[in-house]
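Notes follow the structure.
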Amino acid sequence: MVEVKILGISGSHRNGATDYCVKEALRAAEEVPGIKTEFVSLRGKKLSHCIHCDNCIRKGELCTIKDDFQEIQDKFLEADGYIIGTPVYQMSATPLLQDFFSRLRPTYLVYPGHFSNRVGGAIATGGTRHGGQEMALLVIKNFFHTYEILVTGGPGGNYCGACVWTKDKKEEGAKEDTIGMEKVVGLGRRVAEIALTLKAGRQWLTDQGVEFAKQKLWFVNRRD
Ligand SMILES: Cc1cc2nc3c(=O)[nH]c(=O)nc-3n(C[C@H](O)[C@H](O)[C@H](O)COP(=O)(O)O)c2cc1C
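If you want it as structure tokens, here you go:
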């Protein structure tokens with residue numbers, strides 16, 4: 012049996028609804044055989060903005076800004092699947108999460124195709140019933156697309172991921188949204204099943220001698 016690691020990330024500034032939802036999704040993921048999970052909160056982490064220095068593009072280097080980012084980057088590179096959650100801020104994902112996404116930019120430049128066999132799912136918690144959860148989910152899913160990470164919304168009926176209405180009541184509010192929590196659990200399990208299938212399938216095919224294309228990105232090491 013292959014061993015599969017699902018990384019859960021919360022882009023919230025507090026220990027509230029989003030941390031709770033991501034942890035619940037990971038709990039559901041762990042019910043799938045062979046799945047190990049890890050939870051990371053971005054809360055309180057020193058994560059500078061990407062300053063577009065382009066070291067990653069010109070030199071083909073991982074991000075050269077040194078702060079708390081590197082430790083999370085290592086976990087991100089290692090994981091086979093991702094469950095990323097954000098509170099809705101101004102109908103979008105938190106700037107904290109978006110800073111993290113931008114800092115990851117060098118990873119897919121330095122290791123082209125590294126993420127292409129991985130899967131991700133998204134969770135958004137909002138204080139209002141239709142407060143922009145779907146917009147926030149889109150930010151996370153667009154990030155996945157950019158990095159070649161395959162995206163699942165979860166089982167039929169989830170459509171786009173998990174939207175939770177918290178009434179600004181942190182974990183208690185999330186628990187009250189029983190339909191939202193059903194989506195969270197369904198998403199967690201589905202991410203785990205797909206990650207397992209992708210990893211086992213790729214390993215089997217490689218053992219059969221199938222070679223997967225190695226990509227080179229035209230803009231890495233450019234001179235202009
Ligand atoms: C700056 C800020 C902006 C927010 N904007 C929205 C919003 O546009 N729509 C919404 O539904 N909730 C909004 N909220 C409420 C949070 O999304 C909601 O309470 C969320 O569940 C918080 O998650 P947490 O407990 O993990 O921090 C906002 C909260 C803050 C602090």
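Take the position in the sequence shown, starting the count at 1, then add 11; the result is the number in the working numbering. Note that beta-carbon positions come from the ideal geometry of N, C-alpha and C, so glycine has one too.
- Under the three-state reduction of DSSP, K227 is assigned to coil, being neither helix nor strand.
- Judged by their CB atoms, G124 and P166 are not nearer to each other than the 7 Å cut-off.
- The residue among L207, A28, D218, I68 with its C-alpha nearest the C-alpha of G191 is A28.
- For S113, the uninterrupted alpha helix (DSSP H) run begins and ends at 106 to 114, by DSSP.
- The C-beta separation of R116 from C171 comes to about 24 Å, leaving the pair out of contact by the 8 Å criterion.
- Taking E182 as the centre and dropping the five residues before and after it, the same chain places the C-beta of G27, A28, Y31 closer than 7 Å to its C-beta, in chain order.
- Nearest C-alpha to V15 among H24, V150, F223, R213: R213.
- Here T75 has N66 as same chain residues with Cβ atoms under 7 Å from its own Cβ, once five neighbours each way along the sequence are excluded.
- With respect to A185, A40 sits apart: the two C-beta atoms are not nearer than 7 Å.
- By the beta-carbon neighbour count (other beta carbons within 10 angstroms, threshold 16), G132 is buried.
- Ligand 1 approaches P98 closely enough that one of its heavy atoms is under 6 Å from the residue's Cβ.
- A133 has its Cβ no nearer than 6 Å to any heavy atom of ligand 1.
- An exposed status is given to V221, since fewer than 16 other beta-carbon atoms sit within 10 Å of its beta-carbon.
- Taking every protein chain shown into account, the CB of K152 has 16 or more other CB atoms within 10 angstroms, so this residue is buried.
- Taking every protein chain shown into account, the CB of Y119 has 16 or more other CB atoms within 10 angstroms, so this residue is buried.
- For K16, the three-state secondary structure derived from DSSP is strand.
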